[in-house]
Amino acid sequence: MLRLMKTSTLLLSLLLLQFSGHAQGKSLLWKVTGKDLNAPSYLFGTMHLVCKNELSFSPAVTNALQSAKTMCMEIDLMNENKEKMQSLIYNQDDGYSLRQLFDSGQYRMVDRFFQDTMHFGLATLDKAKPFMLTTLLMMKQVPCPSKEIAAPDRELATMATNRKIPIATLETLESQMALFDSIPDKAEAAMIVRMVKDIQRNDKETRMMMDTWKQQDLDKLYKMVIQAPDLKNYQDLMLFRRNAAWVPQLKQLMAQGPVFVAVGAAHLAGDKGLIALLRKEGYKVEAVSSKNP
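Note that our numbering has the sequence shown beginning at 150, numbered continuously upward.
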C-alpha cells in the first residue's frame, strides 16, 4: 500500500494525455531561447510510468539537465510525506463509502476484478477516493510487474539531486489531488467501470502509448489519445488552466538561469500547450533532435 501511495502522485499525466490543437512533431525535448535569456532552458515531456527495462534518456536530455541551474517539475516527488498522502487519498467523511458510488452489479464486477487480479477486494479500500482505484487499474496496465515499474520524473529528479541541482515545483501535492476531488465521485466511478469492462483494450492502448512516447512521436500520440472520452469534459480544468498558470512561473525561473522543465508530455502540445504559450510570450521554442527519450 505504501508503494501505491507513492505512485499515486505520478499518474496524473497518464490520465491527462489529452492533447488539443496542433501536435508538435517528433521530439520530447525542446529548447527555449530568446527574450533576453542568458542561456537556453529546456522543456522535456515525460510519461510518468514505464517499465524499468525500457527507460533510458538520450545524451541530449542528460546534457540539458546537467547544464541547468534548476530543475522544475509538476510536484515534489522526492518528499515522501506518508501522513499527508493518506489524508489526501482517503475520504475523511464518516458517512463516505466507496461502495455507494456503484450500483450492486457494478460493484460486484469491479470487486471480482480486483480479487482476481490484485488478490484483495474493495472492502479494504472502502474509505478510499475513486482516484485510488483508478491508480491501481492504471498501474496494472503498465506491461510489467509492479516492482519493475519506473517513474521517469523521479529518475530525472534523482539525477538532479545527485548533481546538486535544486528542484523547483509548479504545484503542490494538495493542488494536484484537488483536481481529482473536483471531478464528481460518481463520474470517476463510471470511468472505473468502463476501465474494467474494457481492460484488454485499455491494456493495448497503454502499451501503444508507451511505445509512441519512446518514439517521441507527439503527432501519433495526439491522434491516439485525443479521442479518449473520460477526461474530455475536464481538459480545461486539468490541462489548459494549469498550463496558463505555469507560464508566469517558468518565465520567472528562466530569467534567473537555465531551467530543465520535466512535465507530462500532454502539457507541451497544442495551441494551449507550453510550447505555444511560451512562443506567444516572445520566446523561441524549438525541437531538439535525439534518438531516444
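Yeah, the Cβ is synthetic: ideal placement off N, Cα and C, and Gly gets one too.
Between the CA atoms of residue j and residue i - distance to the nearest angstrom
i       : j       : result
Gln-241 : Lys-276 : 8 Å
Asp-366 : Asn-187 : 30 Å
Lys-231 : Asp-185 : 42 Å
Arg-390 : Ala-404 : 22 Å
Val-291 : Met-359 : 9 Å
Thr-182 : Leu-427 : 10 Å
Leu-161 : Arg-261 : Annotation note: pLDDT 44 at Leu-161 (below 50); position unreliable, coordinate value reported separately. In a straight line, the C-alpha of Leu-161 is about 26 Å away from that of Arg-261.
Tyr-483 : Met-340 : This structure leaves residue 483 out entirely; the chain is present only between 150 and 442.
Ala-217 : Ile-224 : 18 Å
Trp-179 : Gly-244 : 48 Å
Ala-272 : His-197 : 28 Å
Ser-295 : Gly-431 : 43 Å
Val-437 : Gln-364 : 14 Å
Gln-249 : Asp-347 : 22 Å
Val-434 : Phe-193 : 12 Å
Arg-312 : Ala-306 : 10 Å
Cys-293 : Leu-417 : 27 Å
Asp-265 : Lys-289 : 12 Å
Ile-424 : Leu-177 : 11 Å
Thr-284 : Leu-247 : 15 Å
Gln-349 : Gln-401 : 45 Å
Trp-362 : Ser-207 : 13 Å
Cβ-Cβ distance between residue i and residue j below 8 Å
i       : j       : result
Thr-195 : Val-408 : no
Leu-386 : Ala-415 : no
Ala-209 : Asp-302 : no
Met-234 : Thr-318 : no
Leu-286 : Leu-274 : no
Glu-337 : Lys-201 : no
Met-227 : Ile-316 : yes
Ala-309 : Val-199 : no
Cβ-based neighbour list, residue i, same chain, cut-off 6 Å, excluding 5 preceding and 5 following
i       : result
Met-326 : Leu-237
Phe-280 : Phe-329
Asp-334 : Leu-250, Pro-279
Lys-175 : Gln-365, Asp-366
Assigned secondary structure, residue i (DSSP; H/G/I helix, E/B strand, else coil)
i       : result
Glu-320 : coil
Glu-223 : coil
Ser-190 : strand
Gly-419 : coil
Ile-298 : strand
Phe-251 : coil
Val-410 : strand
Asp-334 : helix
Lys-433 : strand
Asp-366 : strand
Tyr-239 : strand
Ala-277 : strand
Val-181 : strand
Lys-353 : helix
Lys-175 : strand
Val-454 : As shown, the chain starts at 150 and ends at 442. That puts residue 454 outside it, with no answer to give.
Val-210 : helix
Val-291 : coil
Presumed contact (8 Å Cβ cut-off) between residue i and residue j, rounded CB distance
i       : j       : result
Tyr-191 : Ala-213 : 4 Å
Phe-263 : Gly-270 : 6 Å
Leu-204 : Glu-304 : 7 Å
Met-344 : Asn-351 : 6 Å
Gly-422 : Asn-392 : 6 Å
Val-259 : Val-342 : 7 Å
Same chain, Cβ closer than 7 Å to residue i, neighbours up to 5 away in sequence not counted
i       : result
Gln-398 : Leu-319
Pro-189 : Lys-180, Val-181, Thr-182, Pro-407
Gln-215 : Arg-312
Ile-314 : Ala-217, Thr-219, Met-220
Contacts around residue i, its chain only, beta-carbon distance under 8 Å, and the 5 residues preceding and following it disregarded
i       : result
Thr-211 : Met-308
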